[in-house]
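Chains as they are written, first to last, in my numbering: chain A, 1 to 152; chain B, 153 to 304; chain C, 305 to 456.
Cβ atoms here follow ideal geometry from the backbone N, Cα and C, with glycine treated the same way.
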Amino acid sequence: MSTIEDRLAQLGIILPAESAPAANYANFVLAGSLLFISGKGPAGDSRGKLGADYTTEEGYQFARAAGIEVLAVVKAAAGSLDNVKRVVKAQGFINSSPSFAEHHLVLNGFSDLMAEVFGEKGLHARSVFGANSLRNQLPVIIDSIFEIHSAD
Amino acid sequence: MSTIEDRLAQLGIILPAESAPAANYANFVLAGSLLFISGKGPAGDSRGKLGADYTTEEGYQFARAAGIEVLAVVKAAAGSLDNVKRVVKAQGFINSSPSFAEHHLVLNGFSDLMAEVFGEKGLHARSVFGANSLRNQLPVIIDSIFEIHSAD
Amino acid sequence: MSTIEDRLAQLGIILPAESAPAANYANFVLAGSLLFISGKGPAGDSRGKLGADYTTEEGYQFARAAGIEVLAVVKAAAGSLDNVKRVVKAQGFINSSPSFAEHHLVLNGFSDLMAEVFGEKGLHARSVFGANSLRNQLPVIIDSIFEIHSAD
Chain A
1 MSTIEDRLAQ LGIILPAESA PAANYANFVL AGSLLFISGK GPAGDSRGKL
51 GADYTTEEGY QFARAAGIEV LAVVKAAAGS LDNVKRVVKA QGFINSSPSF
101 AEHHLVLNGF SDLMAEVFGE KGLHARSVFG ANSLRNQLPV IIDSIFEIHS
151 AD
Chain B
153 MSTIEDRLAQ LGIILPAESA PAANYANFVL AGSLLFISGK GPAGDSRGKL
203 GADYTTEEGY QFARAAGIEV LAVVKAAAGS LDNVKRVVKA QGFINSSPSF
253 AEHHLVLNGF SDLMAEVFGE KGLHARSVFG ANSLRNQLPV IIDSIFEIHS
303 AD
Chain C
305 MSTIEDRLAQ LGIILPAESA PAANYANFVL AGSLLFISGK GPAGDSRGKL
355 GADYTTEEGY QFARAAGIEV LAVVKAAAGS LDNVKRVVKA QGFINSSPSF
405 AEHHLVLNGF SDLMAEVFGE KGLHARSVFG ANSLRNQLPV IIDSIFEIHS
455 AD
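Following this line, the structure appears as structure tokens:
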């Protein structure tokens, strides 16, 4: 019985297929029990800046959507989300105007998702900042580290 | 005898109480011997950008003040600062104007504090960049990783 | 026989001497098998922003040049590049205009170099963002983590 997968279903979340890296990098690297995940933005074609093109609430939804892309990679890396021991760290890159000040409220979209999916194990260290611009003008990118149960 | 706590007292530094996370995250996560600390800014109500609202020397003091907030979390996480094996990594997020160029001199405020408190163990890998904006327009945020002596 | 050093020679790459830290930090910290490298920019005196002063192709070359500086530190830390088990993680800080959108193509300069030098072991997790400004107005800085073979 997959507890975490059941919880995802209860939340109505269907994980997408892991997207293939488009260059000489990897979606994830496992070093010991630490799983380093490449930066992920939300699916879809939303492009622009918080504080100019999008509201904080829209940013929250982008961070949540980016979290779903992150989980798809974690599942591919760990075999099952039940193998996650802890969400360790998240950095939120927020494409923003110079006067934007609610980065933390945007990142909550990711943090709340992790708490919903993993409970106490979902509570992570985090930091967030305003980026001047992001690749393809994505509104949000999440960079993250997970801890995985060792095989033995 | 707490060597590091004694040194803090000699430096005239009184660590504040660890602030409580205001959302679904943690001030720290310990994964193996690596302690990941959430991004911390200076206490107080200073708000604005380096290169516009503040001088590099003021930024240095902000980075030092952020370091004191980081140490408060490390102490809460590790029980005592004497359990710190090494300051591993720091990233400095500097809220700055597009033409600011002295980010490294700002981050020295954090780096010098770590050297004063921990000596050789305080020398850390680091990087720094100019953020377009930061949460609540904080002038500086420090993201950090420490190594802790294992219990056995 | 040093496989990686031979490959560097084939690529015509001569590693510079590791530059000395100019303040209270370290070029690298080894914690367990994880090697944390301080942020490195390209050698030379290029200063400015992608999307304003430099083209994406020039940025690609800056990221590659920053990678060579990173490798110089890794060699100093690990004794030989043959002791690298995996390139774990890279973050690219791109000094850029607000409308720049090709950060990933710039970071490819670093990623391609790692693949050329290390093959499969060079594939790393990564993320990239636009910085409002960088120290000394460097165009690109690379922050990185490597995994090193343990001594025993």
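Across the structure, Leu8 (chain A) and Val269 (chain B) are spaced so that their CA atoms are roughly 45 Å apart.
When C-alpha distances from Glu272 (chain B) are compared across C:Ile318, C:Ala330, C:Asp310, C:Ser437, the shortest belongs to C:Ala330. DSSP, read as helix, strand or coil, puts Asp6 (chain A) in helix.
A distance of 8 Å or more separates the beta carbons of Glu322 (chain C) and Leu385 (chain C). If you compare the alpha carbons of B:Gly274, B:Asn176, B:Ala217 with that of Ile165 (chain B), the shortest gap goes to B:Ala217. In chain order, Val258, Leu259, Gly261, Phe262, Val292 place their CB closer than 6 Å to the CB of Ala215 (chain B), counting only its own chain and leaving out the 5 sequence neighbours on each side.
Scanning its chain for C-beta atoms nearer than 7 Å, with the 5 sequence neighbours on each side dropped, one finds around His149 (chain A) the residues Asn83, Lys85, in chain order.
Excluding the 5 residues flanking it on each side, Ser400 (chain C) has same chain C-beta neighbours closer than 6 Å at Lys353, Leu354, Gly355, Gly434, in chain order. Within the region 345-401 of chain C, the runs of beta strand (DSSP E) at least 3 residues long that lie entirely inside it are, in chain order, 388-399. Counting only residues of its own chain and dropping the five nearest sequence neighbours on each side, Thr360 (chain C) has a CB closer than 8 Å to the CB of Leu354, Glu406, Leu409, Val410. By the neighbour-count criterion, in which 16 or more other beta carbons inside 10 Å mark a residue as buried, Gln314 (chain C) falls on the exposed side. Between Ile449 (chain C) and Lys344 (chain C), the CB-CB gap reaches or exceeds 8 Å. Relative to the Cα of Val377 (chain C), the nearest Cα in the group C:Asp349, C:Glu362, C:Arg351, C:Phe340 belongs to C:Phe340. Below the 7 Å Cβ cutoff, chain C contributes Ala429, Arg430, Ser431 as neighbours of Ser38 (chain A), in chain order.
At a cut-off of 8 Å between C-beta atoms, Val444 (chain C) does not count as an interface residue with respect to chain A. Contact annotation for His149 (chain A) against chain B: no contact, minimum CB-CB distance about 12 Å [criterion: below 7 Å].
Secondary structure note for Ala183 (chain B): its beta strand (DSSP E) is the uninterrupted segment 180-183. If you look at Ser144 (chain A), you'll find it in the beta strand (DSSP E) that goes 140-148.
Assignment of Ala22 (chain A) by DSSP, reduced to helix, strand and coil, places it in the coil class.
Against chain A, a Cβ distance below 7 Å from Ala382 (chain C) picks out nothing, because the smallest value is about 15 Å. By the Cβ neighbour-count rule, Pro250 (chain B) is buried, with 16 or more other Cβ atoms within 10 Å of its own. A Cβ-Cβ distance of about 18 Å is found for the pair Arg439 (chain C) and Ala394 (chain C), leaving them out of contact under the 8 Å criterion. Note on geometry: alpha-carbon atoms of Arg47 (chain A) and Val432 (chain C) lie some 16 Å from one another. Taking a Cβ-Cβ threshold of 7 Å, none of the residues of chain B is close to Arg135 (chain A); the smallest such distance is about 15 Å. Gly336 (chain C) reaches chain B at Gly184, Ser185, Leu186, Glu299, counting residues in chain order whose Cβ is nearer than 9 Å.
Any Cβ of chain B closer than 8 Å to the Cβ of Phe332 (chain C) would place that residue at the interface, and such an atom is present.
Boundaries cannot be given for Ser99 (chain A), as no alpha helix (DSSP H) includes it and DSSP labels it neither H nor E. With respect to the 8 Å criterion, Glu373 (chain C) and Pro320 (chain C) are classified as neighbours on the basis of their beta carbons. For Ala429 (chain C), the enclosing beta strand (DSSP E) has its first and last residue at 429-435. Cβ-Cβ distances below 7 Å link Tyr364 (chain C) to Leu409, Val410, Asn412, Gly413 in the same chain, with the five nearest sequence neighbours on each side left out; the list follows chain order. Residue environment analysis places Gly79 (chain A) among the exposed positions, since fewer than 16 neighbouring C-beta atoms fall within 10 angstroms of its C-beta.
Put simply, the CB of Arg311 (chain C) is far from chain A, with every gap to its CB atoms at 8 Å or more.
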